[in-house]
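In our numbering, the protein residues as written are 9 to 414. For reference, the structure is listed below as structure tokens.
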């Protein structure tokens, strides 16, 4: 005996009212989760659906993520993931066209059962892709427990709603991009002020990695400096509290991922360090949840001083903007390091000059009081320095002080 199929017939005023409400929702908030949740509620009510889902495409993993849901699955939002082409929803996303099944949806050859998403309890299934310029950005599903006929008008209405959602997603993306650029400008400005301050280099680098981690939403951000030989990289600053990461041994430039950024003098991107044999500490990556890596060389007048690394907690496609931002930060780090080194060299030169002047005065004193030749006076200061295990400057100061007192 054939199952009785229900159908929802909407008149023009109901459709216009629904579209008007969705337009108001989209216009009233740029908070994506709130917007999507309100839309599934409206669609469910108008179509008399027992379930309504919105999946969004996640480019980094090329999968569909459950992003909004009318009961019975609110707890699965953000946790259910489908590959492109997987199940009915994945098929719609992959083929970029609607799919309407009035009954026995769970018997369709494209259907796939998910333990946490019991779609086999629903007879009827209607799914429409959300497109932006022919690119899939998501899918809207409407489901009924009983056999249900989806009229052509209902399908067109859902397609129109999907188009509205697509436009809203594009606006949200542009808003997020604009906000992030503003944050980047603010962070780079803060980095510039930090570099120009009179803080110590260690403190400057620590502030920079903290600001950069916040901007790029890094799981871990670190600055690694080359040793004097240029053969090893050591952590100089990181915002991570992980003792395992902070205390990891130096990296060999020739055999490490970050070393490749040094050798090639250009940014290096790795989608998943856990799967890359060149990554030296895969056990730490697994323990600390490190996945994608962006490593950028710190350059000063063409010379590499080290690298700045940022890790994401999940597979992530670093954008040109990400690379550009981190390269700007890296170059400012290099500038701060070189300023510190130049200052240290200047202070060392001043110290050396001061020491030499004191030794010359002490030599003159010995030559006058003891009748020593200049070479003998120098050797006397040198001998006392070795015997007492003090610097020649300290010996010279002691001799001059004794002469003043005596």
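Backbone N, C-alpha and C define an ideal beta-carbon position, used for all residues, glycine too. Keep in mind that this is a model prediction, so the values were computed, not measured.
What number of angstroms, rounded off, separates the C-alpha of residue 271 from the C-alpha of residue 258?
-> If I take the Cα positions, the gap works out to 16 Å.
Give the straight-line distance between the Cα atoms of residue 3 and residue 248, rounded to the nearest whole angstrom.
-> Residue 3 lies beyond the stretch modelled for the chain, which goes from 9 to 414, so this question has no answer here.
When DSSP builds the beta bridges, which residues end up paired with residue 341?
-> For residue 341, which the question treats as bridged, DSSP gives no partner whatsoever.
For residue 380, name the three-state secondary structure that DSSP assigns.
-> Coil, per DSSP.
Starting from residue 145 and walking both ways along the beta strand (DSSP E), at which residues does that stretch end?
-> 143-152 is the extent of the beta strand (DSSP E) around residue 145.
Residue 66 - partner residues in DSSP beta bridges = Residue 66 is bridged by DSSP to 71.
For residue 107 versus residue 135, is the C-beta distance shorter than 9 Å?
-> Here residue 107 is near residue 135, since their CB atoms are less than 9 Å apart.
Residues bridged to residue 135 (per DSSP) = Its beta-bridge partners are 107 and 149.
Nearest-angstrom Cα separation, counted from residue 370 out to residue 376 = The alpha-carbon of residue 376 is positioned some 10 Å away from that of residue 370.
Since residue 278 sits in a beta bridge, which residues does DSSP pair it with?
-> Bridge partners of residue 278 according to DSSP: 301.
If we ignore side chains and look at the alpha-carbon of each, how far apart do residue 340 and residue 229 end up?
-> The C-alpha of residue 340 lies about 15 Å from the C-alpha of residue 229.
How is residue 308 classed by DSSP in three states: helix, strand or coil?
-> In this structure, residue 308 counts as strand in the three-state DSSP scheme.
Indicate the three-state DSSP secondary structure (helix, strand or coil) for residue 260 in the structure shown.
-> Strand.
May I ask you to report which of helix, strand or coil DSSP gives residue 399?
-> When DSSP states are grouped into helix, strand and coil, residue 399 belongs to the coil group.
Does DSSP put residue 90 in a helix, in a strand, or in coil?
-> In this structure, residue 90 counts as strand in the three-state DSSP scheme.
Between residue 392 and the rest of its own chain, which residues show a CB-CB distance below 7 Å, the 5 nearest in sequence each way excluded?
-> So the qualifying residues of the chain are 403.
Straight-line gap, residue 171 to residue 297 (C-alpha atoms, nearest Å) | One C-alpha to the other measures close to 37 Å.
Any chance the CB of residue 150 is under 8 Å from a heavy atom of the ligand GDP?
-> For the ligand GDP, the structure offers nothing, since it holds no ligand at all.
Figure out for me which residue from 280, 104, 268 and 138 has the closest Cα to the Cα of residue 69.
-> If we check each option's Cα against that of residue 69, 280 comes out closest.
Can you tell me which of the three DSSP states residue 314 falls into?
-> Secondary structure of residue 314 (DSSP, three-state): strand.
Three or more C-beta pairs closer than 8 Å, one from the stretch 327-347 and one from the stretch 310-319: is that the case here?
-> They touch, by the three-pair rule.
Do you know offhand how far residue 4's Cα is from residue 322's?
-> An answer regarding residue 4 cannot be provided, because it is not within the stretch 9 to 414 covered by the chain.
Should residue 51 and residue 216 be called a contact, given that it needs their Cβ atoms to be closer than 9 Å?
-> Contact check for residue 51 against residue 216 fails: the beta carbons are separated by 9 Å or more.
Whole angstroms is fine: what's the gap from residue 47's alpha carbon to residue 30's?
-> The straight-line gap from Cα to Cα measures roughly 6 Å.
Residues bridged to residue 232 (per DSSP) = Paired residue(s): 243 and 315.
Within its chain, find whatever has a CB closer than 6 Å to the CB of residue 89; leave out the 5 residues flanking it on each side and keep chain order.
-> Only 71 and 73 meet the Cβ criterion.
Span separating the alpha-carbon of residue 63 from that of residue 119 | Spanning the two alpha carbons is a distance of roughly 16 Å.
So which of 256, 156 and 110 has the shortest CA-CA distance to residue 242?
-> With distances taken between CA atoms, residue 242 lies nearest to 256 out of 256, 156 and 110.
Distance, Cα to Cα, residue 157 vs residue 55?
-> One alpha carbon belongs to residue 157, the other to residue 55, and they sit about 11 Å apart.
Considering only C-alpha positions, which residue in the set 245, 379, 28 and 43 is nearest to residue 165?
-> Put simply, of 245, 379, 28 and 43 the residue whose alpha carbon is nearest the alpha carbon of residue 165 is 28.
Helix, strand or coil: which one does DSSP assign to residue 393?
-> Correct three-state label for residue 393: helix.
Rounded to a whole number of angstroms, what is the C-alpha to C-alpha distance between residue 183 and residue 40?
-> Answer to the nearest angstrom: the Cα atoms are 11 Å apart.
Should residue 234 and residue 273 be called a contact, given that it needs their Cβ atoms to be closer than 9 Å?
-> With a cutoff of 9 Å on beta-carbon distance, residue 234 and residue 273 are scored as not near each other.
Sorted by chain position, which residues of the same chain lie with C-beta nearer than 7 Å to residue 276's C-beta, five sequence neighbours on each side aside?
-> Close CB contacts of residue 276 within its chain, under the 7 Å cut and outside five residues either way in sequence, are with 265, 268, 269 and 303 (chain order).
Residue from 381, 112 and 149 with nearest C-alpha to residue 58 = Across the set 381, 112 and 149, the C-alpha of 149 shows the shortest separation from the C-alpha of residue 58.
Same chain, Cβ closer than 8 Å to residue 93, five either side skipped, listed in chain order | Take residue 93, set aside five residues on each side of it, and the residues of its chain with a beta-carbon closer than 8 Å to its own are 99, 101 and 102, in chain order.
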